[in-house]
Amino acid sequence: MRLSKHFIPTIKENPSEAQIVSHRLMLRSGMIRQSSAGIYIWLPTGLRVMNKIADIVREEQNRAGAIELLMPTIQPAELWQQSGRYDAYGKEMLRITDRHEREMLYGPTNEEMITDLFKNSIKSYKDLPLNLYHIQWKFRDEVRPRFGIMRGREFLMKDNYSFDLDFEGAKESYNKMYVAYLRTFARLGLIAIPVRADAGAIGGDLSHEFQILADTGESTLYYDKEIESFDLDDLTGDIDDETVSKLQSYYAMEEEKHDAENCPVAPENLKTAKGIEVGHIFYFGTKYSESMGAKVAGPDGNEVTVEMGSYGIGVSRLVGALIEANHDENGIIWPESVAPYKVGIINLRFKDENCTAACDALYEKMQNLGIEVLYDDRDAGAGAKFADMDLIGLPWQVVVGPKGLDKGVYELKNRRTGERVELSEEDLLEKLG
RNA sequence: CGGAAUGUAGCGCAGCAUGGUAGCGCGCUUCACUGGGGGUGAAGAGGUCGCAGGUUCAAAUCCUGUCAUUCCGACCA
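This note's numbering puts the first residue of the first sequence at -11, with every later residue one more than the last.
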């Protein structure tokens, strides 16, 4: 894409309302604009990143055997009255009345709807286990939205729901998601610490939060440093129960629940860091299947109330979390897996025919090779182009100017390390292709 | 929901105490010169001063109300 024809409105100065680095950089690099408190417009590059994250989440869900569908954002109040959460959920739920005076709501989560769908569709244990997911906009009317998209009111979430015949099955479904989550975050280049958690408003017995480490995190974690050395390559292919129990046996607690006196981890092996919650998984048994009557015929012909779990990943929050974990004073540093483009071409001499011709040709070759490239073809100063490209944070920059062209080389800069190498066109395309 | 601020050009801000009809920097437009880290000069465009009332000859400025946004705390993907 040519930058001159793109829509990436960058800002030179820090917007006053943005307090944390990811919010500032998302506004400055032209990824988002605020519409109202906690509600954002996703601009082209922001959307590209979010879509790439969603794709990785989707691939890992599919790999784990979950099946994608899409439920509506607007739900009828009756479902929530059945589960008893309509009154319990409080003001955080955005309530709407339609033209027929029917009570509706903008869904903050989907346990009720999926359970209703399940009970109307599945009648036999033979159809279990079943794990359904969707990636969909949620709305929670937070009292105090803040930190840009990190705590917005409207957010994109992957949520899924597992249905099993018994606890053993449910536990297996839970563990599959546990592994899928670790894999998902690893692919995003994030260290995700699974932290034992309370089930909160969702309710239930077994629950883990996935926290990624970042200085600006909202919670303080204490964890066994062994977690960091765990090799995620072990988690490809079939799920090994031993691996899961080993992972789950590691100590990891939020500050409030951490007891220094009785901590099983020796002080020298205990690490503390700030974390951002990007995922949360729950096993909650029959909490919803019971109240909403989700039963199947078991092998003996008798009805069994199904065992359920639910699992969420904050897809839009991950965009901010990734920036919190990947930035420097000049801007964002995208991991390749989610970068809006892999490489940026900087044309230093717009008015130099040779230089522009070289850039145009290189741009076309990259496009033909399927390399995602953002070409800064604007008539702007070199400094402005460098600054914008660093701000936007593409992993690679190709700097094209008379110096290199005279030598017959292109300069390739690594955004993360700042390392610059001079390469022939062939080597350059080879390296990026 | 308790506490505290702030709303003036796209962004960042000044002006308000002591009322006299709006200004600075960046950005934007045009032209020229520049050209390897936000360059220089010249000429421009852009504002119902959040909104509604009130006081006054006169309100960005004083008063009342209202809306919005942000920050600190308690709560949450």
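Backbone N, C-alpha and C define an ideal beta-carbon position, used for all residues, glycine too.
Note that this is a predicted model, so its numbers are computed, not measured.
Alpha carbon of residue 287 to alpha carbon of residue 65, nearest angstrom: Start at 1 with the first residue of the first sequence, and residue 287 comes out as number 299. Start at 1 with the first residue of the first sequence, and residue 65 comes out as number 77. So the two alpha carbons sit approximately 35 Å from each other.
Span of the beta strand (DSSP E) around residue 300: Within the first sequence, numbered from 1, the residue matching residue 300 stands at position 312. Unbroken beta strand (DSSP E) run through residue 300: 295 to 302.
Where residue 148 sits in the DSSP three-state scheme: Working through the first sequence from its first residue, we reach residue 148 at position 160. Note: residue 148 maps to strand in three-state DSSP.
Same chain only: Cβ atoms within 8 Å of residue 157, ignoring 5 sequence neighbours per side: Indexing the first sequence from 1 puts residue 157 at position 169. Sequence-distant Cβ neighbours of residue 157 in its own chain, meaning closer than 8 Å and more than five residues away, are 116, 117 and 295.
CB of residue 141 within 8 Å of CB of residue 25, strictly: Taking the first residue of the first sequence as position 1, residue 141 is located at position 153. Taking the first residue of the first sequence as position 1, residue 25 is located at position 37. For residue 141 and residue 25, yes; Cβs fall inside 8 Å.
According to DSSP, residues forming a beta bridge with residue 92: Position 104 of the first sequence, counted from the first residue, corresponds to residue 92. Note: residue 92 sits in a beta bridge opposite 64 and 84.
Buried versus exposed call for residue 349 [16 or more other C-beta atoms within 10 Å across all chains shown]: Position 361 of the first sequence, counted from the first residue, corresponds to residue 349. Looking at its Cβ environment, which holds fewer than 16 other Cβ atoms inside 10 Å, residue 349 is exposed.
Environment of residue -5 [buried if 16+ CB atoms lie within 10 Å]: Reading the first sequence from its first residue, position 7 is the one you call residue -5. With fewer than 16 other Cβ atoms within 10 Å, it is exposed.
Residue from 129, 236, 242 and 148 whose Cα sits closest to the Cα of residue 261: Here the question's residue 261 lines up with position 273 in the first sequence. Distances from the alpha-carbon of residue 261 to those of 129, 236, 242 and 148 put 242 closest.
Backbone CA spacing between residue 415 and residue 394 [nearest angstrom]: Residue 415 sits at position 427 when you count from the first residue of the first sequence. Residue 394 sits at position 406 when you count from the first residue of the first sequence. Note on geometry: alpha-carbon atoms of residue 415 and residue 394 lie some 17 Å from one another.
Beta-carbon proximity list for residue 177, same chain, < 6 Å, skipping 5 on both sides: Along the first sequence, read from residue 1 onward, the residue named residue 177 stands at position 189. 323.
Environment of residue 97 [buried if 16+ CB atoms lie within 10 Å]: For the purposes of this step, residue 97 is taken as the residue at position 109 of the first sequence. Residue environment: residue 97 is assigned as buried (16 or more neighbouring CB atoms within 10 Å of its CB, all protein chains considered).
Endpoints, beta strand (DSSP E) assigned at residue 358: As a position in the first sequence, residue 358 is number 370, starting the count at 1. Neither: residue 358 is in no beta strand (DSSP E) and is coded neither H nor E.
Contact the region -6 to 14 vs the region 129 to 139: 3+ CB pairs below 8 Å: They touch, by the three-pair rule.
Burial state of residue 60, where buried means 16 or more other Cβ atoms lie within 10 Å: Residue 60 sits at position 72 when you count from the first residue of the first sequence. Exposed: under 16 other Cβ atoms inside 10 Å.
Whether residue 359 touches residue 273 by CB criterion (8 Å): Reading the first sequence from its first residue, position 371 is the one you call residue 359. Reading the first sequence from its first residue, position 285 is the one you call residue 273. Result no, Cβ atoms of residue 359 and residue 273 do not sit closer than 8 Å.
Cβ-based neighbour list, residue 83, same chain, cut-off 6 Å, excluding 5 preceding and 5 following: In the first sequence, counting from the first residue as 1, residue 83 sits at position 95. Answer for residue 83: 93, listed in chain order.
Per DSSP, the bridge partner or partners of residue 182: Here residue 182 is taken as the residue at index 194 of the first sequence, counted from 1. DSSP lists 198 as partners of residue 182.
Selection from 124, 410 and 113 that minimises the alpha carbon distance to residue 143: Within the first sequence, numbered from 1, the residue matching residue 143 stands at position 155. Residue 143 has its Cα closest to that of 124, out of 124, 410 and 113.
Helix, strand or coil at residue 325 according to DSSP, with G and I counted as helix: As a first step, residue 325 is located in the first sequence; it is residue number 337 there, counting from the start. Taken through DSSP and simplified to helix, strand or coil, residue 325 comes out as coil.
Span separating the alpha-carbon of residue 231 from that of residue 164: Taking the first sequence and counting its residues from 1, one reaches residue 231 at position 243. Taking the first sequence and counting its residues from 1, one reaches residue 164 at position 176. Taking the straight line joining both Cα atoms gives about 11 Å.
Which listed residue (385, 412 and 380) has its alpha carbon closest to that of residue 14: Position 26 of the first sequence holds residue 14. Between residue 14 and the set 385, 412 and 380, the nearest pair of CA atoms involves 380.
C-beta contact flag for residue 29 and residue 16 at 8 Å: Translated into positions along the first sequence, residue 29 becomes position 41. Translated into positions along the first sequence, residue 16 becomes position 28. Taking 8 Å as the Cβ cut-off, residue 29 and residue 16 do not qualify as a contacting pair.
Coil, strand or helix - residue 290 by DSSP: Mapped onto the first sequence, residue 290 falls at position 302. Coil, per DSSP.
Between the CA atoms of residue 293 and residue 278 - distance to the nearest angstrom: Here residue 278 refers to the residue found at position 290 of the first sequence. Here residue 293 refers to the residue found at position 305 of the first sequence. For the pair residue 278 and residue 293, the Cα-to-Cα distance works out to about 6 Å.
Whole runs of the beta strand (DSSP E) within the region 368 to 418, excluding any shorter than 3 residues: The beta strand (DSSP E) runs of length 3 or more contained entirely in the region 368 to 418 are, from start to end of the chain, 384 to 388, 398 to 402 and 408 to 411.
Proximal residues to residue 33 (C-beta, below 6 Å), its chain only, five neighbours per side dropped: Here residue 33 is taken as the residue at index 45 of the first sequence, counted from 1. For residue 33, same chain residues with a beta-carbon under 6 Å away, outside a window of 5 residues either side, are -4, 19 and 328 in chain order.
Start and end residues, beta strand (DSSP E) containing residue 208: Reading the first sequence from its first residue, position 220 is the one you call residue 208. Residues 207 to 212.
Reference residue 104; option with closest CA among 204, 344 and 280: By 1-based counting over the first sequence, the position of residue 104 is 116. Of the residues 204, 344 and 280, the one whose Cα lies closest to the Cα of residue 104 is 280.
C-beta atoms of residue 101 and residue 304 nearer than 8 Å: For the purposes of this step, residue 101 is taken as the residue at position 113 of the first sequence. For the purposes of this step, residue 304 is taken as the residue at position 316 of the first sequence. In this structure, residue 304 does not lie closer than 8 Å to residue 101 by Cβ.
In chain order, each beta strand (DSSP E) run of at least 3 residues that lies wholly inside the region 216 to 263: List check, beta strand (DSSP E) in window: 240 to 242.
Residue range of the alpha helix (DSSP H) that includes residue 108: Within the first sequence, numbered from 1, the residue matching residue 108 stands at position 120. That run of the alpha helix (DSSP H) goes 99 to 109.
Cβ-based neighbour list, residue 266, same chain, cut-off 8 Å, excluding 5 preceding and 5 following: Looking up residue 266 in the first sequence gives position 278. Around residue 266: 173, 178, 180, 198, 199, 200, 301, 302, 305, 306 and 309.
Three-way DSSP call (helix, strand, coil) for residue 331 in this model: For the purposes of this step, residue 331 is taken as residue 343 along the first sequence, with counting starting at 1. Residue 331 falls in the strand class under three-state DSSP.
Assigned exposure category for residue 263 - 16 Cβ within 10 Å defines buried: For the purposes of this step, residue 263 is identified with residue 275 of the first sequence, where counting begins at 1. By the 16-neighbour rule on beta-carbons within 10 angstroms, residue 263 is buried.
For residue 403, the nearest candidate out of 314, 12, 340 and -1 (CA to CA): Sequence index remark: in the first sequence, residue 403 carries index 415 (1-based). With distances taken between Cα atoms, residue 403 lies closest to 314.
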